[in-house]
Each structure stands twice: as structure tokens, then as C-alpha cells.
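Student: Residue numbers (the numbering used here): 21 to 519. Beta carbons are placed, not taken as given, at the ideal position from N, Cα and C, and that holds for glycine. Only a predicted model underlies this, so the values are computations on that prediction, with no experimental measurement involved. Let me begin by handing over the structure; questions about it come next.
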RNA sequence: GCCCCCUUAGCUCAGUUGGUUAGAGCUGCAGGCUUUUAACCUGUGAGUCCUGGGUUCGAAUCCCAGAGGGGGCACCA
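Here is the structure:
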């Protein structure tokens, strides 16, 4: 990846070769601009119009039409076609792309400036809107200026940038070269914005809780560990916002949410990045039935606003996101897809035998989770809530009101991917203490993902938390669904990579 | 952590059974062209064939090891 730029002082007659030569050419043009009194990095370009608004203003004009409408626009040179004493330039800003027609007889002395421009440079231009005889809306430049000289070349103008590694490591090149990629991140931005709008419209209160935590909690995962020098103590990057948000509910913030990064020290895959964006919201006086209705409404509503319709395409099929989604209990889902009844096989060894499992350390809950992940999850393409999980996998969920050993919890799946998780929250402090003790036993048995005991959280529950429903929604995964992306890396600007 | 696949010019890609000096298009450079849009035409430059070993008279090509990337397994949201 290292392009060492070897400059030979004053060696104008022995040009550098290869990529170094390309860089040297650009620097020579930079020098020529400066020698001609041009500032290649001016401070601003005021009163410019966005290209999209120029395009909108002149839709439907006939080929050959001319207007008196003068526009001032700026952008990056995306393409260039020279014709001797005239040239066409494709200029692009964040809103769109438009053609510039530059003619020597109109620009006069300024026409020569074209010589020192390259693909990738930023320029500002002013001129009137015309339509070429091929019907292409264009700006006939009357004046222009360099706004930034690009010292490195852009990727291939036609093929774009295909190399996956470069696309992720140098996302700026991907964004320059690939419209599809730009669109993915526009959808992501709109999604986040519409999710916030939904929460705000429903009266939720946005908060920010600590990322650096003395004790991690709220999920079963391995944390990143760091150190605070002044306090000389170990801190963890949060794996969830759950426990702090519940303390907000205890404090009287009945409807609360946080949208931000969580960090989990686990493997990287098409569905996992070590840092990822999570939304958690909590609503007092609600249970997991209410939160399920909330998620259906949020996801279908956000999709309708972002995509214009509450449906997505995936695996060659159209998937409706409209409510109501399928609702199946975990037990029924596993029974249907694997023939195993977890309500019958309540003994760890019996279930292990039925599954042909060889992992001696896996407990009953773990086995249930494994068979579910393998035989059920990939089949949950249409939006589906899986309901009522075993207690041992859910240390913060309240016992089911009429199913012993189960908790009131659902996970929501779309396209075979889990996008959200929710419980009727456990608010009995003594029961919470018992669950922590259960988790402590798991830690002693060597489970690195078990939940550490959090005394201050117990104290908060002792203060009294009203009945509450809570949801965690994976924003990256939601964006995957809305964009059709096959991999999480396609919707994360700078995914985790090796050094 | 384990298994499989990939890595050739700045970009996108060819490269035959192991055979001379590794090619094309775009980009770059020089020139031509006042309505093109992957503009076109002429000329031209550009390589650590991922890295390090090995086999061979000879390696981009075969073998071994490593790196990076992709996919799968395992784990997780």
C-alpha cells in the first residue's frame, strides 16, 4: 500500500515513472498554477447553487435551447472531453452531476486554465444554462476558478473501484467512484434520521450514557478493556446501553432512548463488526407485546419514508415489512424446522443427544440457541418475531406470566438476520440479584460472555422501576435490509480491518 | 482459532502445457479536433506479477511458508 514518492530535485529531464510519475505530473500542474498567480486552494466559493437545484430548474427544455439563467456551481471534475477549442466537463457535487461546456471564444484567456486541470480537481464555475443539440442540459461557462487541486488521481472513471479491500480501507475512493456506494450511505443517513423522528414523534427522550463503563452489562458478550490513567483503573467499552437506560427509567424518564455505538470483542463477519450502531429504547408501563407493535410500526414506517414503500428486495424476492409480522414461539419454530421439542427435552443431556451435539460444555440454553441459529434463523426471511426464550439466556428479562422457565422476550428477524431483541424488563430487584448470581456461576464455569454482577444496578431497581418494555435494534443490520446489502461492511463506512 | 478461494501497471482486466523482452482498455504525457458524454484520431510512457524461500536450463505460471482480502465454520447482535 505504500507509494513512496521519490522526488528528484531539479530532474525535469528525467521524469519519474509509474504512479510516482502521475503524482509528479499533478504537482507540476500545481506549481504552474501557482506560478500563474492562481491560488490552488482558495478558502471558499460563496453563493454557489447545488447542482440538483440547477437540474430541477431546467427540466424538459428542448435540444438546442438557450436560457438567460445564470448559475454558479462548484464540484469535482468527474469527466472531461476535449475538442480543441472547446471542452465538456462533468462536474459533480453531493447533489448531482451536470455537464459544463467550456468554449475558447467565451472563456478567452481563462480557457487555457483547462490545461492544468485534472480529473478529481474541484472547480467553481459560472455560466448560463443551455441544452446541447444532443439534448444534454449544460452550463456554458463564462468564468471559472480552481477550488482545490487533487494531487492523486481518482479511480477508473468507467469501471469505478471494484477492489473490495481498497473500497473498505479507502472509502473516500469508493465514494468518489461508485454511485451505488454513495446511495447506500444516503439511505443510511436517512434511516437514522427517520428512526429518530419516529422516536421523537412518539415522545421518547434521547439521552447519552457512558461509553466507558466501570462494569459492562446489558448483553452477553466479551468486552473491550481499556485503562483510565488518572483514576488508574480498568474500564470497559460498553457492550450495551441497557443498564444505564433502565436507571433513567427509574429516574422518571418514562420513554427513553439512546442511539450510538456498542463494542463487542468478538469475531468479524458479514453480520458483525466489533463496533456497531445500536438503538435501545425503553417505555414504562409497556410489555413485550407493546414493544413488538412498536417495532413493526417503526420499521415499516421508516422504510416507507426512506424507500417510498414498506417493502424490500432480498434473495430475489419481495419482502413486505408491513404489520403484522409473523409471531412464533421459539419452541414452535424449533419444532417446525428441526422436529425437536425443547419443552419435552428439558434435560441438558437428553437435548444434547437429540441434537447429536458433541460440545460437553454447552448448557441447555446454549444448545437451544445453537439449534435455533442453525435450523431456524436462516429461514426467517419474512419479518418474524420469535417469542418466549429460556430464562438462562436472558438475565434481564421478566419471567413469562404463564410459562414457567421462560421469559417474556422476543427477537425480530428479517432476511434471515436478527435485527432486534426485546423484553418485558425484569424489575424485581431480588429476582435480578438471583439472575446475576446465576450468571456469576456461568463465569466460574468459564463462560467469558456471562454477565458480571452489578450491585449498583440492583440498588437502582430497589429504588423502583415501573413495569417497562425495552427494545434493542441493530441499526447497521436494518440498513443492510433497506439497502439490500449482503454484508454489514457495505453499510459501515470504515469497517474493521487488519493493520 | 480452523478450512477453501483470490492477489498481474494508478484503475478495470487478459496472460495458452513452465519457454525469449508480461499485454489491452482507461488514466498520464505529446499532438489534432468548437456539441461530446466510456467522445474520437495519431504517437508515447508506465510493472517488487503480494512477500520470502524452493524445484527447474528456464517460474506470473509448479511446491512450501507468510501477509492482506473474500467466503465458510465456530462465536455473537
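In angstroms with no decimal places, state the Cα-to-Cα distance between residue 501 and residue 321.
Tutor: Within the first chain, numbered from 1, the residue matching residue 501 stands at position 481. Within the first chain, numbered from 1, the residue matching residue 321 stands at position 301. Residue 501 and residue 321: Cα-Cα distance of roughly 14 Å.
Student: Taking the beta strand (DSSP E) that residue 89 belongs to, which residues open and close that run?
Tutor: Sequence index remark: in the first chain, residue 89 carries index 69 (1-based). Residue 89 -> beta strand (DSSP E) spans 86–102.
Student: Buried or exposed for residue 517, please, with buried defined as at least 16 other CB atoms from any protein chain shown within 10 angstroms of its CB.
Tutor: Indexing the first chain from 1 puts residue 517 at position 497. Per the 10 Å Cβ criterion, exposed.
Student: Assuming residue 449 is part of the alpha helix (DSSP H), what are its boundary residues?
Tutor: Here residue 449 refers to the residue found at position 429 of the first chain. Looking at the DSSP string, the run of the alpha helix (DSSP H) that includes residue 449 is 449–464.
Student: I need the DSSP call for residue 218, collapsed to helix, strand or coil.
Tutor: Looking up residue 218 in the first chain gives position 198. Residue 218 falls in the helix class under three-state DSSP.
Student: Quick one: what's got a C-beta closer than 7 Å to residue 167's C-beta in the same chain, skipping five residues either side?
Tutor: Counted from its first residue, the first chain places residue 167 at position 147. Within the same chain, residue 167 has close Cβ partners 62, 65, 94, 142, 143 and 144.
Student: Leaving out the 5 sequence neighbours to the left and right, which residues in its chain are closer than 8 Å to residue 331 when beta-carbon positions are compared?
Tutor: Sequence index remark: in the first chain, residue 331 carries index 311 (1-based). Same-chain partners within the cutoff: 323, 338, 339, 340, 341 and 342.
Student: May I ask you to list the residues that DSSP assigns as paired with residue 373?
Tutor: Taking the first residue of the first chain as 1, we reach residue 373 at position 353. Looking at the DSSP assignment, residue 373 forms no beta bridge with any residue, so it has no partner.
Student: Answer with buried or exposed for residue 114, where buried requires no fewer than 16 other C-beta atoms within 10 angstroms of its C-beta.
Tutor: To locate residue 114, count along the first chain from 1; it is residue 94. The residue in question, residue 114, is exposed, as its Cβ has fewer than 16 Cβ neighbours within 10 Å.
Student: Leaving out five residues before and five after residue 443 in sequence, what residues of the same chain have Cβ atoms less than 7 Å from its Cβ?
Tutor: Indexing the first chain from 1 puts residue 443 at position 423. Same-chain partners within the cutoff: 308, 414, 416, 417, 418, 427, 428, 429 and 490.
Student: How would you write the range of the beta strand (DSSP E) that residue 297 sits in, first residue to last?
Tutor: The count along the first chain starts at 1 and reaches residue 297 at position 277. Note, residue 297: beta strand (DSSP E), 295–304.
Student: May I have the straight-line CA-CA distance separating residue 154 from residue 335, to the nearest angstrom?
Tutor: Locating residue 154 in the first chain gives position 134, counting from the first residue. Locating residue 335 in the first chain gives position 315, counting from the first residue. For residue 154 and residue 335, the distance between alpha carbons rounds to 39 Å.
Student: Between the C-alpha atoms of residue 294 and residue 302, what's the straight-line distance to the nearest angstrom?
Tutor: For the purposes of this step, residue 294 is taken as the residue at position 274 of the first chain. For the purposes of this step, residue 302 is taken as the residue at position 282 of the first chain. Roughly 24 Å separates the two Cα atoms.
Student: Tell me which residue opens and which closes the beta strand (DSSP E) that residue 158 is part of.
Tutor: As a first step, residue 158 is located in the first chain; it is residue number 138 there, counting from the start. Note, residue 158: beta strand (DSSP E), 157–168.
Student: Excluding five sequence neighbours on each side, which residues of the same chain lie with their C-beta closer than 8 Å to the C-beta of residue 211?
Tutor: Sequence index remark: in the first chain, residue 211 carries index 191 (1-based). Correct list, in chain order: 322, 326, 495, 498, 499 and 502.
Student: Apart from the five residues just before and just after residue 135, which ones in its own chain have a Cβ nearer than 7 Å to its Cβ?
Tutor: As a first step, residue 135 is located in the first chain; it is residue number 115 there, counting from the start. Result list for residue 135: empty, nothing under 7 Å.
Student: If we count the other Cβ atoms within 10 Å of its Cβ and call it buried at 16 or more, is residue 483 buried or exposed?
Tutor: For the purposes of this step, residue 483 is taken as the residue at position 463 of the first chain. Exposed.
Student: List in chain order: all unbroken alpha helix (DSSP H) runs of 4+ residues lying wholly within the stretch 323–404.
Tutor: The stretch 323–404 contains these whole alpha helix (DSSP H) runs: 350–358, 368–375 and 384–391.
Student: By Cβ distance below 6 Å, which residues in the same chain neighbour residue 311 in space, the five residues on each side in sequence not counted?
Tutor: Numbered from 1 along the first chain, position 291 holds the residue referred to as residue 311. Counting only Cβ-Cβ distances below 6 Å, and skipping sequence neighbours, we find 442, 489 and 491.
Student: Buried or exposed: which applies to residue 238, given that a residue is buried once 16 or more other Cβ atoms fall within 10 Å of its Cβ?
Tutor: Mapped onto the first chain, residue 238 falls at position 218. It is buried - the Cβ of residue 238 has at least 16 other Cβ atoms within 10 Å.
Student: The beta strand (DSSP E) with residue 245 in it runs from where to where?
Tutor: Residue mapping note: residue 245 aligns to position 225 of the first chain, counting from 1. Note, residue 245: beta strand (DSSP E), 245–248.
Student: On the premise that residue 259 lies in contact with residue 236, defined as a C-beta separation below 8 Å, what is that separation, rounded to the nearest angstrom?
Tutor: By 1-based counting over the first chain, the position of residue 236 is 216. By 1-based counting over the first chain, the position of residue 259 is 239. Between residue 259 and residue 236 the Cβ distance is about 5 Å, and since that is below 8 Å, they are a contact.
Student: Compare the beta carbon distance of residue 248 and residue 240 with 7 Å and say whether it is the shorter of the two.
Tutor: Working through the first chain from its first residue, we reach residue 248 at position 228. Working through the first chain from its first residue, we reach residue 240 at position 220. No.
Student: Measuring straight from C-alpha to C-alpha, what distance separates residue 158 and residue 435?
Tutor: Numbered from 1 along the first chain, position 138 holds the residue referred to as residue 158. Numbered from 1 along the first chain, position 415 holds the residue referred to as residue 435. Distance between the alpha carbons of residue 158 and residue 435: 43 Å.
Student: Pull up the DSSP beta-bridge partners for residue 493, would you.
Tutor: Here residue 493 is taken as the residue at index 473 of the first chain, counted from 1. According to DSSP, residue 493 bridges with 299 and 440.
Student: Note down the Cα distance separating residue 365 from residue 299, rounded to an integer number of angstroms.
Tutor: Reading the first chain from its first residue, position 345 is the one you call residue 365. Reading the first chain from its first residue, position 279 is the one you call residue 299. Rounded to the nearest angstrom, the two C-alpha atoms are 35 Å apart.
Student: So, do the stretch 218–235 and the stretch 451–459 have three or more beta carbon pairs nearer to each other than 8 Å?
Tutor: No, because fewer than three Cβ pairs between the stretch 218–235 and the stretch 451–459 fall closer than 8 Å, the two stretches do not touch.
Student: Give me the Cβ distance between residue 374 and residue 354, rounded to the nearest whole Å; I'm assuming they're in contact under 8 Å.
Tutor: One-based indexing of the first chain puts residue 374 at position 354. One-based indexing of the first chain puts residue 354 at position 334. 11 Å between Cβ atoms; not a contact.
Student: Using only CA atoms, which one of 38, 131, 233 and 170 lies nearest to residue 472?
Tutor: Sequence index remark: in the first chain, residue 472 carries index 452 (1-based). Checked all of 38, 131, 233 and 170; the closest Cα to residue 472 is 233.
Student: Would you give the residue range spanned by the beta strand (DSSP E) that residue 123 belongs to?
Tutor: Looking up residue 123 in the first chain gives position 103. Residues 116–123.
Student: Counting pairs of Cβ atoms below 8 Å between the stretch 271–290 and the stretch 187–196, do you hit three or more?
Tutor: Too few Cβ pairs lie closer than 8 Å, so no.
Student: Go ahead and pull the three-state DSSP assignment for residue 488.
Tutor: Counted from its first residue, the first chain places residue 488 at position 468. Here residue 488 sits in strand by DSSP.
Student: Using the three-state DSSP reduction, which class does residue 177 fall into: helix, strand or coil?
Tutor: Residue numbering aside, residue 177 sits at position 157 when the first chain is read from its first letter. Note: residue 177 maps to coil in three-state DSSP.
Student: Compute the Euclidean distance between the alpha carbons of residue 38 and residue 111, then round it to the nearest angstrom.
Tutor: On the first chain, position 18 is the one that residue 38 refers to. On the first chain, position 91 is the one that residue 111 refers to. In a straight line, the C-alpha of residue 38 is about 27 Å away from that of residue 111.
Student: Would you call residue 424 buried or exposed, if buried means 16 or more other Cβ atoms sit within 10 Å of its Cβ?
Tutor: Taking the first residue of the first chain as position 1, residue 424 is located at position 404. Counting Cβ neighbours within 10 Å, residue 424 comes out exposed, since fewer than 16 surround it.
Student: Rounded to the nearest angstrom, what separates residue 204 and residue 511 at their Cα positions?
Tutor: Residue numbering aside, residue 204 sits at position 184 when the first chain is read from its first letter. Residue numbering aside, residue 511 sits at position 491 when the first chain is read from its first letter. Residue 204 and residue 511: Cα-Cα distance of roughly 7 Å.
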